[in-house]
Amino acid sequence: MPFFADLQWRGLVHQTTDPALGAWLAEKPRTFYVGFDPTADSLHVGHLLGVMMLRRFQRAGHRPIAVVGGATGMIGDPSGKSAERNLLSKEQLQLNIDGMKRQMEQFIDFDESQPRALLLNNFDWTGPWSYLEFLRDIGKNFPVNVMLAKDSVKGRLGRGDAGDPQAGMSYTEFSYMLLQAYDFVHLHDRHGCELQAGGSDQWGNITAGIDLARRMRGAHLQGFTWPLLTKSDGAKMGKTESGAVWLAAERTSPYAFYQYWFNVDDADAANCLRLLTELPQAEIEALDAARVADAAKRESQRRLAEELTKLVHGEAGLTAAKQATDIFFGAEISSLSDKELGQIFADVPSKDLPAASLQGAGLPVIDALVEAGLAASKGEARRTVTQGGAYVNNRRVDGVDAALTPASLASETVVVLRSGKKKYALLRFA
RNA sequence: GGGGAGUUACCGAAGCGGUCAAACGGGUCAGACUGUAAAUCUGAUGGCUAUGCCUUCACAGGUUCGAAUCCUGUACUCCCCA
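Per this note's numbering: the first sequence = residues 440 to 869.
Next up, the structure:
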């Protein structure tokens, strides 16, 4: 299947500036760019579509450019936001940009491949502008009535009222689209970039760039958007009770990342496979059929989790995630080493206690649950045990009087406690 | 400024002198079922050295053998009139 037709089949194409974009791309290798907001020092699931898009283009022989918004990040993109944004400090921005760079390198080849990918920071060309120059050269090309008509602006106007000073929109945010628009012109000048893509909320910013390039250079540039990644219930993909799902292993462990995708609703599986993986059409359709036939097997979710974990955390990360999964949902834990347990339970809270507390009558399980933070009080711990929800090394505790002794150690110094189905904690006796 | 209503556990909301650690609903936590899902069902839900003890019903005092419940003052919230 031709490259762009494949994107369309996957549902990755929402709006385009030109219905014949596929043919245009097939003519010759094009330079293509996607912008990223440096809001944190790690990418999260919300960035995945964009990063994957760069990767897809590179693999199809086009040249991808990732633009990190060092300049625009200082302003704050109003698109899709309901309130004025907090501005980030320059130092924080630099940290964020560095972190995001490292992660993108896993997806995109910045070195050897022929159509060499680039990672640029728009502060490099936006920073030197003086305000007057900017107004004369860039601002002159933006009719205010056109700017006011953009959805990102329209949605925010009229909201300002005395009761909520955060409503409405500041001049700073209003100027955001000028900066992003100029990015496109600059990339066209310096790198021959002709195509920009972004999430559907970026449509206004993309077309602003195309308009500016036409006015300033007489150039004819292209753009398209992909749909926002949402769940069947309308909620944003990649959000959990405990916050965003990150790509950085320090923020979201490979295990947690794997589990997130493994637990995707049946209704969302088809979409995720298409939008996020590189599996070929035939395989995705086979998975769809298998899911309809036997949803309980969750072949789609497993494949999704495997593909994405491998992509983000590598083979080793995937192996670790699957190993941890086996243990978490498996039988008793015993004869492992401290090191193995430490890796498997990387994001499980732990607490150090003196080894002596295991001696004699041992440490009552009730107390252990409280120490480990699995119960807020002894009463709660007692309740959990009584109801059969407490486990030591994945083995159910069968009485409130049970105690931990040296025999309870699952490895040299660690005991694995669990409350309920999935809440774990480690106790280290050193 | 004047008049009225209120303040109960994580949230909402009963209780109006003893039988109140406080009904009920939501949430939360466990259990069963299940596909590591959804729905459903069951139990639990102030603390503890636990058939008892201790600390809670805005805050501080008071009445009483006994108060979340009555009285006085303080703080805050809401409504009506100016």
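All residues carry an ideal CB built from backbone N, CA and C; glycine is no exception.
Closest to Ser789 by C-alpha separation, out of Ala795, Arg595, Leu780, Leu797, would be which residue? As a working mapping, residue 789 is identified with position 350 in the first sequence. Residue Leu780 is the option with its Cα nearest to Ser789.
Between Ile723 and Leu712, what straight-line distance do the alpha-carbon atoms span, to the nearest angstrom? Counting from 1 along the first sequence, the entry for residue 723 is found at position 284. Counting from 1 along the first sequence, the entry for residue 712 is found at position 273. Using only the alpha carbons, I get a separation of about 7 Å.
Same chain, Cβ closer than 7 Å to Asn560, five either side skipped, listed in chain order: Residue mapping note: residue 560 aligns to position 121 of the first sequence, counting from 1. Only Val507, Gly509, Ile536 meet the Cβ criterion.
Contacting residues, own chain, Cβ-Cβ under 8 Å from Leu534 (five flanking each side not counted): One-based indexing of the first sequence puts residue 534 at position 95. The answer, listed in chain order, is Asp480.
Can you tell me the Cα-Cα spacing of Met543 and Glu717, whole angstroms? Here residue 543 refers to the residue found at position 104 of the first sequence. Here residue 717 refers to the residue found at position 278 of the first sequence. Whole-angstrom Cα-Cα distance: 17 Å.
Please classify Trp463: does DSSP put it in a helix, a strand, or coil? Position 24 of the first sequence, counting from 1, holds the residue named residue 463. Trp463: helix per DSSP, three-state reduction.
For Trp448, is the classification buried or exposed, using 16 other Cβ atoms within 10 angstroms of its Cβ as the cut-off for buried? Here residue 448 corresponds to residue number 9 of the first sequence, with the count starting at 1. Exposed is the call here.
Locate the alpha helix (DSSP H) running through Pro693, then write down its first and last residues. Looking up residue 693 in the first sequence gives position 254. Note, Pro693: alpha helix (DSSP H), 693-701.
Please determine, among Leu856, Leu775, Thr823, the residue with the shortest C-alpha to C-alpha distance to Ala807. By one-based count along the first sequence, residue 807 stands at place 368. Among Leu856, Leu775, Thr823, the Cα nearest to that of Ala807 belongs to Leu856.
Put His627 into one of helix, strand or coil per three-state DSSP. Taking the first sequence and counting its residues from 1, the one referred to as residue 627 is at position 188. Helix, per DSSP.
Does the Cβ-Cβ distance between Ala735 and Thr748 come in under 7 Å? Position 296 of the first sequence, counting from 1, holds the residue named residue 735. Position 309 of the first sequence, counting from 1, holds the residue named residue 748. Cβ atoms of Ala735 and Thr748: not closer than 7 Å.
Of all the beta strand (DSSP E) runs that stay within the bounds of the stretch 525-592, which reach a length of 3 or more residues? 557-560
Which first and last residues belong to the beta strand (DSSP E) in which Leu792 is found? The residue given as residue 792 occupies position 353 in the first sequence. Looking at the DSSP string, the run of the beta strand (DSSP E) that includes Leu792 is 789-792.
The stretch 681-694 contacting the stretch 479-499, beta-carbon criterion three pairs below 8 Å: yes
Alpha carbon to alpha carbon, how far is Thr679 from Asp672? Give it in angstroms, no decimals. As a working mapping, residue 672 is identified with position 233 in the first sequence. As a working mapping, residue 679 is identified with position 240 in the first sequence. Between Asp672 and Thr679, the C-alpha separation is close to 14 Å.
Measure how close the beta-carbons of Asp786 and Tyr694 come, nearest whole angstrom, since I'm counting them as under 8 Å. Position 347 of the first sequence, counted from the start, is the residue given in the question as residue 786. Position 255 of the first sequence, counted from the start, is the residue given in the question as residue 694. With a Cβ gap of about 7 Å, Asp786 and Tyr694 count as contacting.
How far does the alpha helix (DSSP H) with Glu633 in it extend, from its first residue to its last? Taking the first residue of the first sequence as 1, we reach residue 633 at position 194. No alpha helix (DSSP H) holds Glu633; the beta strand (DSSP E) holding it covers 632-638.
Contact check, Val792 vs Leu866, beta carbons under 7 Å: For the purposes of this step, residue 792 is identified with residue 353 of the first sequence, where counting begins at 1. For the purposes of this step, residue 866 is identified with residue 427 of the first sequence, where counting begins at 1. The question names Val, but residue 792 is Leu in the sequence shown. In this structure, Leu866 lies closer than 7 Å to Leu792 by Cβ.
Would you report the Cα separation of Tyr863 and Ala829, rounded to the nearest angstrom? Looking up residue 863 in the first sequence gives position 424. Looking up residue 829 in the first sequence gives position 390. Cα-Cα distance, rounded: 10 Å.
Per-residue burial, Pro803 [other beta carbons within 10 Å of its own, 16 or more giving buried]: Translated into the one-based positions of the first sequence, residue 803 becomes position 364. Burial call: buried.
Can you grab the Cα-Cα spacing for the pair Gly827 / Thr764, in whole Å? By 1-based counting over the first sequence, the position of residue 827 is 388. By 1-based counting over the first sequence, the position of residue 764 is 325. Taking the straight line joining both Cα atoms gives about 22 Å.
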